[in-house]
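First up is the structure itself, then whatever we jot down about it.
Numbering (UniProt numbering), first residue to last: 1 to 344.
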């Protein structure tokens, strides 16, 4: 079983580094394949001024990377502070940021477009979030409110090998949990969400199909709801999204569905309520208006509030691209994909 990320949390980023690296070492010594080691701080507005934050974020990033940690999340801010976040994103390379969407969708939309106008791929490191709780191990939404460790899993390949049945993973998950609970660090739990694997050898779409539906077809939303229920019923301590993640540009089959106009924004919003992460790594045309982008963010927020689910929006407007044009990725973690119609 692969672990997507070991995430350490603390108000003190050096303590978070210590927690994450200690946990990763123990898990690797027990033959677990760990893809990333990451840390998350308390929301940055609680410990740093807007004036100092961009340079401080860069300083902390350098120390973090030198400590064999791959990425850092500085937590969510209020929309009024987003101009500072945009500056910090432009100064850093492996730091992640987020903002609460509930207060001002237009401000979040403006930040996404501002980031896109400088470097569209930097939107990989920014998301609008709603109803996300502390200690979520998945980025960009991760933030701390106490010290400890949580795990983001990568179970999609295992599910494909086990006919798409999450219950077949119970024994392996219990063994992993036992190892974590025996450790000296405070263990928050694991997020066993069905997410695109980094090797592209299997797909979230494969798991949905093994459970009886094709994405974009009638009834797929019920299959996703059933899968989410099965994930959340697994007898281990869970935290985070705990559902099905449709990160479009991270999954080859999802990209193929979008390219063939079989998977649309309306499908993703329907699935978000059943539950996914919201709108994740969604390629959009560069001429999308701030009003239309804000409306998309509002739809995600409304679903999050209505369903009481943690959701996020990580969107990629690509300057120069129209609907259907290929959004070309310059990131090793993202695939090229056609720009989706935001009103589809």
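Glycine is no exception: its CB is placed at the ideal position from the N, C-alpha and C atoms.
Among the residues of its own chain, which have a CB less than 8 Å from the CB of residue i, if the five just before and after it don't count?
| i | result |
| --- | --- |
| residue 265 | 279, 282, 296, 340, 341, 342, 343 and 344 |
| residue 169 | 1, 155, 158, 159, 162, 192 and 234 |
| residue 100 | 76, 77, 78, 79, 128, 129 and 130 |
| residue 216 | 257, 262, 263, 264 and 267 |
| residue 172 | 1 and 158 |
Taking the C-alpha atoms as reference points, what is the distance between residue i and residue j?
| i | j | result |
| --- | --- | --- |
| residue 374 | residue 150 | Residue 374 is absent from the structure shown; the chain starts at 1 and stops at 344. |
| residue 166 | residue 139 | 23 Å |
| residue 97 | residue 13 | 15 Å |
| residue 241 | residue 146 | 19 Å |
| residue 204 | residue 276 | 11 Å |
| residue 114 | residue 337 | 21 Å |
| residue 288 | residue 123 | 15 Å |
| residue 51 | residue 15 | 25 Å |
| residue 8 | residue 335 | 28 Å |
| residue 27 | residue 117 | 40 Å |
| residue 182 | residue 66 | 28 Å |
| residue 47 | residue 232 | 34 Å |
| residue 20 | residue 269 | 34 Å |
| residue 91 | residue 213 | 44 Å |
| residue 93 | residue 190 | 27 Å |
| residue 235 | residue 159 | 17 Å |
| residue 192 | residue 32 | 15 Å |
| residue 106 | residue 83 | 13 Å |
| residue 317 | residue 187 | 37 Å |
| residue 25 | residue 61 | 21 Å |
| residue 293 | residue 305 | 19 Å |
| residue 239 | residue 260 | 35 Å |
| residue 22 | residue 134 | 21 Å |
| residue 255 | residue 200 | 11 Å |
| residue 357 | residue 148 | There is no way to answer for residue 357, as the model of the chain reaches only from 1 to 344. |
| residue 325 | residue 290 | 20 Å |
| residue 312 | residue 57 | 22 Å |
| residue 125 | residue 152 | 17 Å |
| residue 345 | residue 237 | Since the first residue of the chain shown is 1 and the last is 344, residue 345 is not available in this structure. |
| residue 144 | residue 49 | 18 Å |
| residue 230 | residue 59 | 42 Å |
| residue 6 | residue 37 | 5 Å |
Give the secondary structure of residue i by DSSP, where H, G and I count as helix, E and B as strand, and everything else as coil.
| i | result |
| --- | --- |
| residue 138 | coil |
| residue 180 | helix |
| residue 172 | helix |
| residue 242 | coil |
| residue 322 | coil |
| residue 190 | strand |
| residue 69 | coil |
| residue 317 | strand |
| residue 195 | coil |
| residue 220 | helix |
| residue 338 | strand |
| residue 2 | strand |
| residue 332 | coil |
| residue 312 | strand |
Return yes when the C-beta of residue i is under 8 Å from any heavy atom of the ligand MN, and no when it is not.
| i | result |
| --- | --- |
| residue 226 | This structure lacks the ligand MN; in fact it carries no ligand of any kind. |
Within the same chain, show all residues whose beta-carbon is closer than 6 Å to that of residue i, passing over the 5 residues directly before and after it, in chain order.
| i | result |
| --- | --- |
| residue 121 | 330 and 331 |
| residue 164 | 207, 210 and 211 |
| residue 310 | 131, 132 and 241 |
| residue 154 | 2, 4 and 197 |
| residue 219 | 213 |
| residue 87 | 54 |
| residue 11 | 42 |
| residue 323 | 285, 339 and 341 |
| residue 247 | 196, 280 and 281 |
Got a sec? Which residues, its chain only, sit under 7 Å from residue i by beta carbon, not counting five neighbours each side?
| i | result |
| --- | --- |
| residue 321 | 285, 286, 327 and 339 |
| residue 274 | 221, 224, 225 and 228 |
| residue 102 | 130 and 301 |
| residue 17 | 8, 39, 64, 67 and 69 |
| residue 299 | 269 |
| residue 109 | 290, 293, 294 and 297 |
| residue 89 | 97, 115, 122, 125 and 126 |
| residue 44 | 53, 74, 75 and 77 |
| residue 352 | A query on residue 352 cannot be resolved here, the shown segment of the chain reaching from 1 to 344 and no further. |
Could you check whether the Cβ of residue i sits closer than 9 Å to any Cβ belonging to chain D?
| i | result |
| --- | --- |
| residue 223 | Here there is only one protein chain, and chain D is not present. |
Check: Does the pairing of the region 72-83 with the region 172-183 give three or more beta-carbon distances under 8 Å?
Finding: Taking 8 Å as the limit for Cβ pairs, the verdict is that the region 172-183 does not touch the region 72-83.
Notebook entry, point to check: Can you list the alpha helix (DSSP H) stretches of 4 or more residues lying completely in the region 106-166, in chain order?
Noted result: Runs of the alpha helix (DSSP H) lying entirely within the region 106-166, each at least 4 residues long, are 156-161 in chain order.
Margin query: My parser needs the beta strand (DSSP E) runs of 3 or more residues fully inside the region 78-109; what are they?
Written below: With a minimum length of 3 residues, the continuous beta strand (DSSP E) runs that stay inside the region 78-109 are 95-100.
Item checked: Whole alpha helix (DSSP H) elements within the region 229-293, 4-residue minimum -> Listed in chain order, the complete alpha helix (DSSP H) runs (minimum 4 residues) inside the region 229-293 are 252-259 and 265-272.
Check: Can at least three beta-carbon pairs, one atom from the region 184-200 and one from the region 248-257, be found at a separation below 8 Å?
Finding: Touching, per the Cβ criterion.
Notebook entry, point to check: Can you give, in chain order, each stretch of the alpha helix (DSSP H) that sits fully within the region 17-42 and has at least 4 residues?
Noted result: For the region 17-42, not one full-length alpha helix (DSSP H) segment reaches 4 residues or more.
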